[in-house]
Amino acid sequence: FIGALLGGLGAIIFEGASIGDMVNALHYGYEAATESEFVNELLSRGGMDSMMWTISLIICAMLFGGAMEKTGMLGALANQILKLAKSTGSLVIAVIFTCIGINVISGDQYLSIVIPGRMFREEFLKRGLDPVNLSRCLEDSGTLTSPFIPWNTCGATMINFLGLDPWTYIPYSFLNWINPLISILWGFTGFSMKKLTPEKIEELKERGVWLDEDVEVPVQ
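Mapping to this note's numbering: the sequence shown position 89 is 213, numbers consecutive.
Structure (structure tokens):
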């Protein structure tokens with residue numbers, strides 16, 4: 125944001141651009157006008173308008189997750205899964221496979237993060253686990269496995285960029301398939317699984333993201 129603001133001010137001061145030109149560039153992006161068509165195509169990009177599809181997708185994912193949460197569907201689904209997740213390790217496995225499943229079903233990375241995040245947030249808190257653990261699990265599974273699925277938005281993007289079938293690059297995507305395994309290992313060993321502290325609980329209460337029900341939570 126600061127870079128865009130300084131760039132706009134620089135254009136006004138040094139290049140004689142108007143405020144309207146700056147606002148248009150921020151919204152629609154920069155359009156280069158050089159003699160090289162390749163350079164024009166390379167530089168003509170950016171702006172809020174170019175990100176509206178992604179932003180609208182995030183908003184839809186949040187609305188969908190919120191509706192499922194308020195109608196009780198998320199809770200019912202989570203309860204069935206949590207019956208099998210007795211330990212921290214099995215809870216991590218539940219999160220990871222839920223993210224992968226939603227990645228496969230919905231075909232979008234954002235839904236695979238938002239929906240499981242809402243599903244398992246309270247369970248992590250009830251077990252005295254800091255929300256950063258859930259965040260890591262969501263990233264290690266929802267984000268990192270999305271390029272493996274051809275009909276997922278990330279997978280389709282990789283296919284277009286690389287011109288390769290996902291099975292061609294999956295064996296070399298070490299970060300993407302090793303990280304979920306490491307998360308599961310840490311879940312069972314307890315290594316790097318940050319616990320809730322009284323200070324963290326107070327912070328969550330102040331932010332209004334604490335548990336609705338009054339339950340005893342183990343703290344460190």
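Glycine is no exception: its CB is placed at the ideal position from the N, C-alpha and C atoms.
Handout entry: Assigned exposure category for isoleucine 239 - 16 Cβ within 10 Å defines buried
Key = buried
Practice task
Closer than 6 Å by C-beta to leucine 215: which residues in its own chain qualify, once you throw out the five before and the five after it? Chain order, please.
Solution key: Ala209
Exercise for the section: Indicate whether the contact test is met: 3 or more Cβ pairs, each with one atom in the segment 213 to 232 and one in the segment 166 to 175, closer than 8 Å. Expected result: no
Handout entry: Buried/exposed call for methionine 243, threshold 16 Cβ in 10 Å
Key = buried
Problem - Inter-residue spacing [alpha-carbon to alpha-carbon] between proline 274 and alanine 280 - result: 5 Å
Problem - Distance, alanine 218 Cα to isoleucine 205 Cα - result: 7 Å
Handout entry: Alpha carbon of serine 168 to alpha carbon of tyrosine 152, nearest angstrom
Key = 10 Å
Exercise for the section: Please specify which runs of the alpha helix (DSSP H), each continuous and at least 4 residues long, are wholly inside the segment 265 to 344, giving them in chain order. Expected result: 277 to 286, 290 to 293, 298 to 313 and 322 to 330
Practice task
Return helix, strand or coil for arginine 251, following the three-state DSSP convention.
Solution key: coil
Handout entry: Completely contained alpha helix (DSSP H) runs for the segment 187 to 268, where each covers 4 or more residues
Key = 197 to 206, 212 to 230, 233 to 250 and 255 to 262
Problem - Spatial distance of glutamate 247 from tryptophan 291 (CA atoms) - result: 35 Å
Problem - Inter-residue spacing [alpha-carbon to alpha-carbon] between aspartate 145 and glutamate 165 - result: 20 Å
Practice task
Determine the closest residue to leucine 253 out of Trp310, Ile136 and Leu268, with distance taken between C-alpha atoms.
Solution key: Trp310
Practice task
Assuming proline 295 contacts methionine 282 (C-beta within less than 8 Å), just tell me the rounded distance between them.
Solution key: Not really, about 14 Å apart at Cβ, beyond 8 Å.
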